[in-house]
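Numbering-wise (our numbering), the sequence shown opens with residue 648 and increments by one.
For reference, the structure is listed below as structure tokens.
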Amino acid sequence: MYIKNNMTEDLWWWKCNARIGINLIKTQIFSLEIFSDSSLSGWDDYCDGVSVSSFWNDKDRKNHINYLELAAFLTLKCFASHCLQSEILLRLDNNTAIAYINRAGGVRFPHLSELSRKIWDWCEGRALWLKATYISSKDNVEADRASLITNIDTEWELSPSAFSQIERSFGPFSVDLFASRTNKKCTSFFSRFPDPEAESIDAFTKTWNKEAFYAFPPFAFISRTLRKIINDNAEGVIVVPLWPTQPWKKVHPLASHLSLVAGKVSDQRS
């Protein structure tokens, strides 16, 4: 019998688990109920009063909507990373994604099957059981609302070339303090809201003095960021806009010549 390379991993799983697998009777008592919706611009998930949303990056946006609907469930990492031995109910309005979740894959769309496999592998390590059910778009109000947002101006970032200049001058950096999975500049990053790839949520709850950080904070958080640097005896690089009327205008001696200022700052007076 000829075995294709892409079958090897599945056969190995069955060899290791066929005799030790346990199929417990499902209780249908769900620890979490997660509502999810995607559009071609982004996704939004909602669970227990908390909404998590983001925009797709350029690579993601090239995928079919069926893939994007399924990819949104990677945000299980946001809501269910603390769960063990639990049943989780997923609610969405895409029947293809529902089928690939409940069947743990399929044969018609290999790329959907591969993504479904990653989701179930993640769940297997935590003894989680998923059940996906249909909810109409008109009833999926919370999740549908943010997934339709098309204004991406809320996720500011420096161009790759600009960041490279900063990194050459001041890097390397250990963490990006204010980022998301779509605009992170470091492998490790903190996000303002729950994010499936973030090291942690809310940089202000962390201690910065052990980090060589990069920070491009939301404009409203600049003064708070500088205060945190002082309080934590921290040192890193911060990017701020040129707003002459703001109290942090004098942070960089060349501010009058720049529209954005990138400077190394610490709690020490120079």
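Virtual Cβ for every residue (Gly too), placed ideally from N, Cα, C.
Local Cβ density within 10 Å of residue i, reported as buried at 16 or more and exposed below that
{"i": "residue 912", "result": "buried"}
{"i": "residue 823", "result": "buried"}
{"i": "residue 779", "result": "buried"}
{"i": "residue 689", "result": "buried"}
{"i": "residue 909", "result": "buried"}
{"i": "residue 875", "result": "buried"}
{"i": "residue 722", "result": "buried"}
{"i": "residue 831", "result": "buried"}
{"i": "residue 924", "result": "Outside the displayed range of the chain (648 to 917) lies residue 924, so it cannot be described from this structure."}
{"i": "residue 712", "result": "exposed"}
{"i": "residue 684", "result": "buried"}
{"i": "residue 738", "result": "buried"}
{"i": "residue 873", "result": "buried"}
{"i": "residue 864", "result": "buried"}
{"i": "residue 807", "result": "exposed"}
{"i": "residue 731", "result": "exposed"}
{"i": "residue 847", "result": "exposed"}
{"i": "residue 877", "result": "exposed"}
{"i": "residue 838", "result": "buried"}
{"i": "residue 744", "result": "buried"}
{"i": "residue 881", "result": "buried"}
{"i": "residue 826", "result": "buried"}
{"i": "residue 866", "result": "exposed"}
Option in the options with minimal Cα separation from residue i
{"i": "residue 803", "options": "779, 888, 711, 765", "result": "888"}
{"i": "residue 686", "options": "732, 701, 867", "result": "701"}
{"i": "residue 616", "options": "736, 692, 741", "result": "In the structure as shown, the chain begins at 648 and stops at 917. Residue 616 is therefore absent and cannot be evaluated."}
{"i": "residue 699", "options": "709, 708, 711, 682", "result": "682"}
{"i": "residue 858", "options": "883, 844, 742", "result": "883"}
{"i": "residue 736", "options": "768, 817, 864, 781", "result": "781"}
{"i": "residue 740", "options": "754, 784, 774, 705", "result": "784"}
{"i": "residue 696", "options": "679, 869, 776, 775", "result": "679"}
{"i": "residue 774", "options": "727, 748, 826", "result": "727"}
{"i": "residue 805", "options": "706, 708, 886", "result": "886"}
{"i": "residue 817", "options": "846, 861, 840", "result": "861"}
{"i": "residue 694", "options": "731, 813, 677, 706", "result": "677"}
{"i": "residue 748", "options": "870, 764, 849", "result": "764"}
{"i": "residue 840", "options": "834, 833, 851", "result": "851"}
{"i": "residue 708", "options": "837, 853, 829", "result": "829"}
Local conformation of residue i per DSSP, three classes
{"i": "residue 804", "result": "coil"}
{"i": "residue 875", "result": "helix"}
{"i": "residue 777", "result": "strand"}
{"i": "residue 812", "result": "helix"}
{"i": "residue 679", "result": "strand"}
{"i": "residue 838", "result": "strand"}
{"i": "residue 853", "result": "coil"}
{"i": "residue 765", "result": "helix"}
{"i": "residue 782", "result": "coil"}
{"i": "residue 865", "result": "coil"}
{"i": "residue 911", "result": "strand"}
{"i": "residue 827", "result": "coil"}
{"i": "residue 870", "result": "helix"}
{"i": "residue 899", "result": "Reliability fails at residue 899, whose pLDDT of 48 lies under 50, so the model's placement of it is uncertain and the value that follows must be treated cautiously. Three-state DSSP puts residue 899 in coil, outside helix and strand."}
{"i": "residue 843", "result": "coil"}
Residues that residue i bridges to, as DSSP identifies them
{"i": "residue 859", "result": "882"}
{"i": "residue 822", "result": "860"}
{"i": "residue 754", "result": "Residue 754 is not bridged to any residue."}
{"i": "residue 685", "result": "690"}
Ordered list of beta strand (DSSP E) runs contained in the region 687–751, each at least 3 residues: For secondary structure counted as the beta strand (DSSP E) over 3 or more consecutive residues, the region 687–751 holds these complete runs in sequence order: 689–694, 697–702, 734–739.
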